[in-house]
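Encoded as structure tokens, the structure appears first; notes follow it.
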Amino acid sequence: MTKISNEVHAIQIKISTFIAIVGFLVALSNFIFMVYSGFSIRESLLGKEVFLLVIFSLFFLILRRKTSILVLYLQVLIIYLNGIIAILDNHEAYNGYGLIIIAVLMMYKYGMLKNHVRTKIISITVSMIFFIEYSFYLKSNYSFGLSFNYILYFIFFFTIIYILYNSEINRILKIEKSFKSAINSKEKELELLINDIVEYKEMIKEKEHNISKLYSEIEILTEPWQPIDLQKYKISEREESIIKVLCENTDLSNKEIAGHLEIKEGTVKQNLNKVYRKFGISSRQKLIELCQSNYKNPIYKITQDVD
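In my numbering, the protein residues as written are 554 to 860.
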């Protein structure tokens with residue numbers, strides 16, 4: 554069976570207990586009245602005014618703690634049927650109309666009007682019109698139109714109920730729409746913040762790379778630098794110019810070096826051989842390894858910029 558919410562269950566218990574107590578009190582009142590009216594105790598107990606009320610009250614009392622939607626429907630149905638019986642018995646009896654009103658209010662509170670509310674209200678109104686008219690018909694002095702005021706009363710009541718209910722539903726829908734709008738706004742704001750975080754992470758990563766690079770350059774600058782003393786090896790200006798071009802552009806051929814210095818290729822080759830002999834090496838790779846720090850070290854570049 555379908556379970557009901559804790560809030561509805563709490564209301565069900567209170568309503569059932571109250572109805573049961575009132576039912577027992579009315580049954581007791583009817584019993585005393587019937588006994589004083591000359592009925593026997595047995596007749597009074599079995600009379601519908603007492604017996605049905607006791608059964609009706611016991612039903613509410615026993616099932617008041619059940620958490621099933623079926624119990625709610627049975628509650629509403631019993632109250633509605635008692636209202637119908639009271640109206641059929643006497644169309645002027647206030648308790649019949651009151652019970653019908655209570656049944657409708659219970660339907661609203663129990664959530665039975667959430668779906669097809671218009672159809673349900675119209676169905677209840679039409680059924681009440683029929684039973685009121687039939688109650689008048691059962692009287693010997695029936696005349697068409699006598700029930701008009703009572704019918705108008707019920708149409709008025711159920712119309713007001715529908716207007717109030719519809720207004721409440723619209724209010725709830727507006728609140729729900731407002732909440733959804735607020736949630737969507739927060740979700741968009743969260744998405745923007747996440748995108749900002751991703752961008753900041755990329756920026757931080759780039760900055761960290763730059764910092765690491767700067768640390769490396771600082772480390773190089775702070776390391777002791779002792780350039781090779783070319784004068785010690787009696788390197789001429791021409792030879793030094795060739796060494797410098799070669800160390801700064803290690804992939805250049807002799808011809809390209811010659812073009813760069815605007816000298817002959819043979820002059821480059823001849824001077825390189827002299828340099829090899831002076832350093833005691835046999836290849837340009839050894840020469841590059843030996844002299845490159847003179848021209849590639851950052852400190853050398855700084856001194857050149859200052860000059």
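Ideal Cβ positions, reconstructed from N, Cα and C, are used throughout, including at glycine.
Is it right to say residue 857 is buried, meaning 16 or more other beta carbons lie within 10 angstroms of its own, or is it exposed?
-> Here the question's residue 857 lines up with position 304 in the sequence shown. Confidence at residue 857 is low in this model, with a pLDDT of 48, below 50, so its placement is unreliable and no value can be given for it.
Three or more C-beta pairs below 8 Å linking the segment 563 to 577 and the segment 601 to 616 = A contact between stretches requires three or more CB pairs, one per stretch, nearer than 8 Å, and the segment 563 to 577 meets this requirement with the segment 601 to 616.
Kindly indicate which three-state DSSP category residue 621 falls into: helix, strand or coil?
-> Translated into positions along the sequence shown, residue 621 becomes position 68. Of the three classes helix, strand and coil, the one that applies to residue 621 here is strand, per DSSP.
Sequence-distant residues of its chain with Cβ nearer than 6 Å to residue 721 (five each side left out) = Working through the sequence shown from its first residue, we reach residue 721 at position 168. Counting only Cβ-Cβ distances below 6 Å, and skipping sequence neighbours, we find nothing.
Where residue 663 falls: helix, strand or coil (DSSP) | Indexing the sequence shown from 1 puts residue 663 at position 110. Coil at residue 663, not helix or strand.
Buried or exposed (CB count within 10 angstroms, at least 16 for buried), residue 688 | In the sequence shown, residue 688 corresponds to position 135, counting from 1. Buried is the label assigned to residue 688, since at least 16 other Cβ atoms lie within 10 Å of its Cβ.
C-alpha distance - residue 676 paired with residue 718, whole-angstrom precision = Indexing the sequence shown from 1 puts residue 676 at position 123. Indexing the sequence shown from 1 puts residue 718 at position 165. Their Cα atoms are separated by approximately 16 Å.
Would you kindly check if the distance between the Cβ of residue 652 and the Cβ of residue 639 is under 8 Å?
-> For the purposes of this step, residue 639 is taken as the residue at position 86 of the sequence shown. For the purposes of this step, residue 652 is taken as the residue at position 99 of the sequence shown. Taking 8 Å as the Cβ cut-off, residue 639 and residue 652 qualify as a contacting pair.
Give, in chain order, every unbroken run of the beta strand (DSSP E) that is at least 3 residues long and sits entirely within the segment 554 to 598.
-> No beta strand (DSSP E) of 3 residues or more sits fully in the segment 554 to 598.
Taking residue 605 as the reference, which of 634, 845 and 661 has the closest Cα?
-> By one-based count along the sequence shown, residue 605 stands at place 52. When each option's Cα is compared against that of residue 605, the closest is 634.
With a 10 Å radius around its C-beta and 16 neighbouring C-beta atoms as the bar for buried, classify residue 668 as buried or exposed.
-> To locate residue 668, count along the sequence shown from 1; it is residue 115. Flag for residue 668 reads exposed.
Assumed close pair residue 797, residue 829 - CB separation to whole angstroms, cut-off 8 Å = As a working mapping, residue 797 is identified with position 244 in the sequence shown. As a working mapping, residue 829 is identified with position 276 in the sequence shown. The pair is not a contact, with the Cβ atoms about 16 Å apart (cut-off 8 Å).
Kindly list the residues whose CB is nearer than 6 Å to the CB of residue 806, restricted to its own chain and excluding five residues on each side of it in sequence; keep chain order.
-> On the sequence shown, residue 806 is found 253 positions in, with the first residue counted as 1. So no residue of the chain qualifies.
Whole-number beta carbon distance between residue 607 and residue 563, since they are thought to touch under 8 Å = In the sequence shown, counting from the first residue as 1, residue 563 sits at position 10. In the sequence shown, counting from the first residue as 1, residue 607 sits at position 54. Actually they are not in contact, since the Cβ atoms of residue 563 and residue 607 sit about 26 Å apart, beyond 8 Å.
From which residue to which residue does the alpha helix (DSSP H) around residue 601 run?
-> Residue 601 sits at position 48 when you count from the first residue of the sequence shown. For residue 601, the enclosing alpha helix (DSSP H) has its first and last residue at 601 to 615.
Return the chain-ordered list of same chain residues with a C-beta closer than 7 Å to the C-beta of residue 654, the five sequence neighbours on each side being excluded.
-> In the sequence shown, the residue the question calls residue 654 occupies position 101. Setting aside the 5 residues that flank it on each side, residue 654 is surrounded in the same chain by 710, each with a C-beta closer than 7 Å to its C-beta; the list follows chain order.
Residue 631 and residue 674: beta carbons closer than 8 Å?
-> For this step, residue 631 is matched to residue 78 along the sequence shown. For this step, residue 674 is matched to residue 121 along the sequence shown. In this structure, residue 631 sits away from residue 674, with a CB-CB distance that is not shorter than 8 Å.
Kindly indicate the opening and closing residues of the alpha helix (DSSP H) around residue 829.
-> Translated into the one-based positions of the sequence shown, residue 829 becomes position 276. Counting along the chain, the alpha helix (DSSP H) containing residue 829 begins and ends at 818 to 832.
Sorry if obvious, but does the Cβ on residue 843 come closer than 7 Å to a heavy atom of the ligand SAM?
-> Among the ligands in the structure shown, none appear at all, so the ligand SAM cannot be discussed.
Is the Cβ-Cβ distance between residue 568 and residue 665 less than 8 Å?
-> By one-based count along the sequence shown, residue 568 stands at place 15. By one-based count along the sequence shown, residue 665 stands at place 112. Residue 568 is not a Cβ neighbour of residue 665, given a cutoff of 8 Å.
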